[in-house]
Amino acid sequence: MHGEYKIPGGKLVVVDLNVTDGALRDVVLSGDFFLEPAEALEWMAAALEGLPADTPVETIAERVREAAAHAELLGITPEGVAEAVRRALQGGTQ
Amino acid sequence: MSTQPSSSWRAYDWQLIRDAPIAPVMHMALDEALLEEVAAGRRKPTLRIWEWAASAVVIGRFQSLRNEVDLEGARRHGVQVVRRITGGGAMFIEPGNTITYSIYAPVELVAGMSMVESYAFFDRWVLDALASLGVEAWYQPINDITSAAGKIGGAAQTRRNGAVLHHVTMAYDIDSAKMVEVLRIGREKLSDKGIASAAKRVDPLRRQTGLPREAIIERMIDTFRAQHGLTDSAIKPEEWQAAERLVETKFGTEEWLRAVP
Numbered sequence: 000m001h002g003e004y005k006i007p008g009g010k011l012v013v014v015d016l017n018v019t020d021g022a023l024r025d026v027v028l029s030g031d032f033f034l035e036p037a038e039a040l041e042w043m044a045a046a047l048e049g050l051p052a053d054t055p056v057e058t059i060a061e062r063v064r065e066a067a068a069h070a071e072l073l074g075i076t077p078e079g080v081a082e083a084v085r086r087a088l089q090g091g092t093q
Numbered sequence: 000m001s002t003q004p005s006s007s008w009r010a011y012d013w014q015l016i017r018d019a020p021i022a023p024v025m026h027m028a029l030d031e032a033l034l035e036e037v038a039a040g041r042r043k044p045t046l047r048i049w050e051w052a053a054s055a056v057v058i059g060r061f062q063s064l065r066n067e068v069d070l071e072g073a074r075r076h077g078v079q080v081v082r083r084i085t086g087g088g089a090m091f092i093e094p095g096n097t098i099t100y101s102i103y104a105p106v107e108l109v110a111g112m113s114m115v116e117s118y119a120f121f122d123r124w125v126l127d128a129l130a131s132l133g134v135e136a137w138y139q140p141i142n143d144i145t146s147a148a149g150k151i152g153g154a155a156q157t158r159r160n161g162a163v164l165h166h167v168t169m170a171y172d173i174d175s176a177k178m179v180e181v182l183r184i185g186r187e188k189l190s191d192k193g194i195a196s197a198a199k200r201v202d203p204l205r206r207q208t209g210l211p212r213e214a215i216i217e218r219m220i221d222t223f224r225a226q227h228g229l230t231d232s233a234i235k236p237e238e239w240q241a242a243e244r245l246v247e248t249k250f251g252t253e254e255w256l257r258a259v260p
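Here the protein sequences come in this chain order: D and H. When we follow numbering that gives the first Met the number 0, the leftmost residue of the first sequence carries the number 0, and every step to the right adds one. When we follow numbering that gives the first Met the number 0, the leftmost residue of the second sequence carries the number 0, and every step to the right adds one.
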């Protein structure tokens, strides 16, 4: 499943994932945003791995925020990641 | 822009590197190698002007290879695909069609600035150079150099051990038909740009200035030199060796290219 969200005034956030037994699996987060350090990409993706597919969008954003607490984010927000996840779960944007 | 040229540029003995065309993957490696050298204090702050030996798609550190690149289209057109160490978006490069440069600087140069402010700060001299050629360009946050007629270029940064890499690619000319065959440009990305065609988003410097690419680069170098000072320099043998090692161990590997599949 594939979801994209262009953050207003920011960058494109893309989420690719599978849902197995009601949980998010194989989550890949990508886009043309900026992160320091680069490892924060994996921190955020790992925070989504295994989440129930019916997790509220606010909770998803909170998990991402915690995972990225020690990173600098530019053009990407936890809310934006959550929205891309929501879109992926809804069947994606393309 | 509110960001004014800072006198702190003058605190450094800026070095200029202009070298012969090299392979795209070597450019990726040189950026990391030279950033490390400046971070370690073995190299003075440096401006490097790139020349490309081959066509390339350069994707951002966090971009998905399969989402951004039409690998079959790239193969068909002989376009090499590489991943860089900075974030930001995919660029389609043809030798002679782009103007690319890197700045390697101590982080102190942009101390006290937000990331967004530092982007505009690093390219202020370029906007001045373009203005002197009759191109009214400005910074569109976060990282675009744009003009009334369309986008001109984009910047990207990364920081490491007290040094910052800021690099920029500007379009001198563009083969839009080929570009859409090697890049996948989704509708979502264009959703808040107000225009439907990726090609229409870019207005290259050739059309805007009518000047040869070389003349624009010369004006850029003259402007940097006048504002900040600039000493001619070259890539050292040990820097070449470090970059070659990075091609073998990182930038030339499938693992790196597919770091985000």
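Just so you know, even glycine gets a beta-carbon here, dropped at the ideal spot from N, CA and C.
Whole-angstrom C-beta distance between residue j and residue i, which should lie under 8 Å
i	j	result
Val-201/H	Ala-170/H	5 Å
Arg-183/H	Val-68/H	7 Å
Val-37/H	Tyr-103/H	4 Å
Gly-2/D	Val-84/D	6 Å
Ile-16/H	Asn-96/H	Wrong, their Cβ atoms sit about 21 Å apart, outside the cutoff.
Leu-23/D	Leu-47/D	5 Å
Whole-angstrom distance between residue j and residue i, CA atom to CA atom
i	j	result
Gly-193/H	Ala-147/H	Its pLDDT being 41, under 50, Gly-193/H is placed unreliably in this model, and the value from its coordinates should be taken loosely. Taking the straight line from one Cα to the other gives about 14 Å.
Glu-50/H	Val-115/H	27 Å
Ile-234/H	Pro-55/D	53 Å
Ser-29/D	Ser-232/H	37 Å
Thr-99/H	Arg-60/H	17 Å
Ala-195/H	Lys-150/H	The predicted model places Ala-195/H with a pLDDT of 42, which falls under 50 and marks its position as unreliable; any figure quoted below should be read in that light. The alpha-carbon atoms of Ala-195/H and Lys-150/H are separated by roughly 14 Å.
Ala-68/D	Ala-242/H	33 Å
Gly-8/D	Glu-82/D	15 Å
His-76/H	Leu-256/H	19 Å
Ala-37/D	His-26/H	20 Å
Asp-191/H	Leu-11/D	Unreliable placement is indicated for Asp-191/H, whose pLDDT of 49 sits below 50; the coordinate value is still reported in the next sentence. Roughly 11 Å between the two C-alpha positions.
Glu-217/H	Phe-223/H	10 Å
Ile-220/H	Phe-32/D	29 Å
Ala-162/H	Gly-90/D	42 Å
Leu-70/H	Asp-12/H	42 Å
Thr-145/H	Arg-47/H	22 Å
Leu-245/H	Ala-52/H	18 Å
Pro-105/H	Thr-85/H	17 Å
Gly-153/H	Val-26/D	28 Å
Chain-ordered chain H contacts of residue i [CB-CB under 8 Å]
i	result
Ala-70/D	Those do not exist, as Ala-70/D stays about 12 Å from chain H at its closest Cβ, beyond 8 Å.
Secondary structure of residue i, DSSP reduced to three states
i	result
Ala-44/D	helix
Val-134/H	coil
Phe-250/H	helix
Lys-192/H	Bear in mind that the predicted position of Lys-192/H carries a pLDDT of just 47, short of 50, making it unreliable; the figure below should be weighed with that in mind. In the structure shown, Lys-192/H sits in coil (DSSP, three-state: anything other than H, G, I, E or B).
Met-90/H	strand
His-69/D	coil
Tyr-171/H	coil
Asn-17/D	strand
Arg-244/H	helix
Leu-50/D	coil
Ser-117/H	helix
Thr-85/H	coil
Phe-33/D	strand
Cross-chain neighbours of residue i in chain D, by beta carbon under 8 Å
i	result
Arg-158/H	Glu-35
Pro-260/H	Val-27
Chain H contact residues for residue i, given Cβ-Cβ distances below 7 Å
i	result
Val-13/D	Ser-63, Asn-66
Gly-74/D	Ile-141
Gly-90/D	Result: empty, since nearest Cβ-Cβ is about 14 Å, beyond 7 Å.
Residues in the segment 113-141 of chain H with C-beta within 8 Å of chain D's C-beta atoms, listed in sequence order? Met-114, Val-115, Pro-140, Ile-141
Cβ-based contacts, 7 Å cut-off: residues of the segment 46-71 of chain H near chain D: Gly-59, Arg-60, Phe-61, Gln-62, Ser-63, Asn-66
Note down, in chain order, all residues in the segment 74-89 of chain H with a beta-carbon under 7 Å from any beta-carbon belonging to chain D. Gly-86, Gly-87, Gly-88
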